[in-house]
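Residue numbering for the sequence shown follows UniProt numbering, beginning at 1 and increasing consecutively.
In this text, a Cβ means the ideal position worked out from N, Cα and C, and glycines have one as well.
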Amino acid sequence: MRVAILDDEQTEVDRITQTLQNIAKRSEVPWSLHGFSRGEELLRQLKRETFDLLILDWQLPDVSGLTVLRWSRKHLEKQPPVIMLTSRNGEQDVVLALNEGADDYINKPFRSQELQARVLAVLRRQGNVVQNKSPSLKVYDLLFDDTEQQVKRNDMPVNLTEREYSLAKCLISNIDRPLSREYLYERFWPREEVHSSRPLDTHIYRLRSKLGLTPENGWKLATIYGYGYRLERIASD
Numbered sequence: 001m002r003v004a005i006l007d008d009e010q011t012e013v014d015r016i017t018q019t020l021q022n023i024a025k026r027s028e029v030p031w032s033l034h035g036f037s038r039g040e041e042l043l044r045q046l047k048r049e050t051f052d053l054l055i056l057d058w059q060l061p062d063v064s065g066l067t068v069l070r071w072s073r074k075h076l077e078k079q080p081p082v083i084m085l086t087s088r089n090g091e092q093d094v095v096l097a098l099n100e101g102a103d104d105y106i107n108k109p110f111r112s113q114e115l116q117a118r119v120l121a122v123l124r125r126q127g128n129v130v131q132n133k134s135p136s137l138k139v140y141d142l143l144f145d146d147t148e149q150q151v152k153r154n155d156m157p158v159n160l161t162e163r164e165y166s167l168a169k170c171l172i173s174n175i176d177r178p179l180s181r182e183y184l185y186e187r188f189w190p191r192e193e194v195h196s197s198r199p200l201d202t203h204i205y206r207l208r209s210k211l212g213l214t215p216e217n218g219w220k221l222a223t224i225y226g227y228g229y230r231l232e233r234i235a236s237d
């Protein structure tokens, strides 16, 4: 779960981060929290990185949180949920942000337990995995069994390493969603390993072959130049 927090007050970023870390401790999915003090900086990252959730202050010294919200709704192919967290509490402000595509609107000063509850509610509506769910996942011809760390394709077991299994399940759980290299490295590679393209590319190549993620089988595991990868379901020949 990769979260961007936009607020020009570091104390607020720290407090939001601490609140979300309480959710992360209970989650089966690793969380990565990224703080930004300027809207322009976050916009640059959104153009080249993947985030699962945006928490945006409205008033910033450069690009406002509302502008970031509008940009994300206009330009991102798969739009992450957005929570506005701001001291602007007028009814017109709330209505404007929600009409522009915000998933929730929270006034400052926020209450930690309420923020946790609202974040979880937004992620549930979006279908993001926050807590442990069913140990199995079946998508078309692929069956993932978390208990055995096993994948079956057309009921035939496929031999995958632990990292290949985790990476494959992430791709399957995010069909049609572009995933940046940094997003995948943060989730599946230890920090001490070098973040070059080769380890990830090698794993992608192996998954294409082992799981039959090819057009003739109804799959396309596409490379997005300068960004990352996207798994798509297509009509097979």
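#### Entry: Three-way DSSP call (helix, strand, coil) for Asn-132 in this model
Mapped onto the sequence shown, residue 132 falls at position 132. Only weak support exists for where Asn-132 lies, its pLDDT of 44 falling under 50; the coordinates are left without a value.
### Query
When you compare each of Val-68, Arg-48 and Leu-33 to Glu-40 by their alpha carbons, which one comes out closest?
Locating residue 40 in the sequence shown gives position 40, counting from the first residue. For Glu-40, the closest of Val-68, Arg-48 and Leu-33 by C-alpha to C-alpha distance is Val-68.
### Query
Taking residue 286 as the reference, which of Glu-100, Leu-115 and Arg-48 has the closest Cα?
This structure gives no information on residue 286, because the portion of the chain shown stretches from 1 to 237.
### Task
Starting from the Cα of Arg-233, find the closest Cα among Tyr-227, Leu-213, Gly-226 and Thr-223 and give me that residue.
Position 233 of the sequence shown holds residue 233. Per the Cα distances, Leu-213.
### Task
Within the same chain, show all residues whose beta-carbon is closer than 8 Å to that of Pro-61, passing over the 5 residues directly before and after it, in chain order.
One-based indexing of the sequence shown puts residue 61 at position 61. Answer for Pro-61: Asp-8 and Arg-38, listed in chain order.
### Message
Among the candidates Leu-221, Tyr-185 and Val-13, whose CA atom is the shortest distance from the CA of Ile-175?
### Response
Here residue 175 refers to the residue found at position 175 of the sequence shown. Ranking Leu-221, Tyr-185 and Val-13 by Cα distance to Ile-175 puts Leu-221 first.
### Message
Going residue by residue through the stretch 50-133, where are the continuous alpha helix (DSSP H) segments of at least 4 residues, counting only ones entirely within it?
### Response
65-75, 91-99 and 112-126
### Query
Does at least one heavy atom of the ligand MN sit under 7 Å from the Cβ of Leu-60?
With respect to the ligand MN, the structure shown offers nothing to examine, as it has no ligands at all.
### Query
Hey, out of Asp-14, Asp-52 and Gln-10, whose CA is closest to residue 292's CA?
What is shown of the chain runs 1 to 237, which leaves residue 292 out entirely.
### Task
Check Val-3 in the structure and name its three-state DSSP category.
Position 3 of the sequence shown holds residue 3. Here Val-3 sits in strand by DSSP.
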